[in-house]
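In the working numbering, the protein residues as written are 6 to 254.
Heads up: the structure comes next, in structure tokens.
Shown next as structure tokens:
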């Protein structure tokens with residue numbers, strides 16, 4: 006028997022306050038299938054979805070079958086986002102490398118476009134992950150009223166109200182603020198590591214190496230000469246014959 010979602014109290018965040026901003030370059034670009042006019046628009050929408058969920062997708066990480074279904078109209082953007090969240094790449098990169106609390110935090114940021122309200126919300130969604138699994142958690146997240154109200158079936162999720170008119174600098178993007186590896190797993194995996202070399206080695210190309218007769222070779226030869234100066238004689242004041250040194254009259 007699955008437990009119901011634990012109740013939590015929302016806190017005041019930017020996305021919960023009604024905004025009256027004028028559209029401009031600072032506002033996030035909304036990618037939706039409702040205004041696609043050219044074939045390149047669909048390519049940009051798919052790339053935006055990968056950036057939102059994966060931050061960056063290599064050729065190995067791309068879901069070609071889901072992309073084909075989205076292009077042919079067999080899937081909605083919401084279904085495409087669901088497929089990326091249930092993909093092997095997202096499972097290996099986010100679920101296996103984080104605790105349930107941090108996994109919930111990253112999913113809320115990427116899917117709902119906001120930060121978690123408090124620790125109680127983390128606990129509430131973590132219970133869903135533990136009882137229903139990742140698939141049940143993702144389904145409940147994208148079927149929530151908050152997701153459908155803000156993004157619906159045709160819009161790629163984005164960070165809501167990251168830039169406000171009264172601020173000089175907006176909030177940091179979620180991909181920078183919440184990396185996929187937390188401190189515990191970074192230490193467990195053994196990175197980052199700083200390796201210091203005892204000797205600094207420099208590579209000189211062959212065409213720039215000194216040839217026979219080059220004056221730079223004499224500098225190395227001079228440095229290799231172990232020249233020892235003559236020792237100064239030690240003269241004691243007791244051994245000096247002062248009488249023999251006095252001029253005779």
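Glycine residues also receive a C-beta, built at the ideal position from the N, C-alpha and C atoms.
Since the model is a prediction, treat every value here as computed from it, not as a measurement.
DSSP places residue 227 inside the alpha helix (DSSP H), whose first and last residues are 220 to 229. For residue 131, the enclosing alpha helix (DSSP H) starts and ends at 124 to 147. When secondary structure is reduced to three states using DSSP, residue 94 falls in the helix class.
Short of 6 Å from the beta carbon of residue 221, and not among the five residues preceding or following it, lie these beta carbons of its own chain, in chain order: 215. Distance between residue 210 and residue 226, taken at the CA atoms: about 21 Å. The beta carbon of residue 89 is closer than 8 Å to those of 54, 55, 58, 59, 68, 71 and 95 in its chain, skipping five residues each way along the sequence. Of the residues 207, 137, 231 and 34, the one whose Cα lies closest to the Cα of residue 10 is 137. For the options 111, 163 and 124, the alpha carbon positioned closest to that of residue 15 is the one of 124. In this structure, residue 120 keeps its C-beta atom at 8 Å or more from the C-beta atom of residue 111. Under DSSP, the beta-bridge partners assigned to residue 160 are 37.
Residue 166 sits in coil when the DSSP states are folded into three classes, being neither helix nor strand. A residue is called buried when at least 16 other Cβ atoms come within 10 angstroms of its Cβ; residue 141 does not meet this threshold and is exposed.
Looking at the backbone, the Cα of residue 13 and that of residue 207 are separated by about 60 Å.
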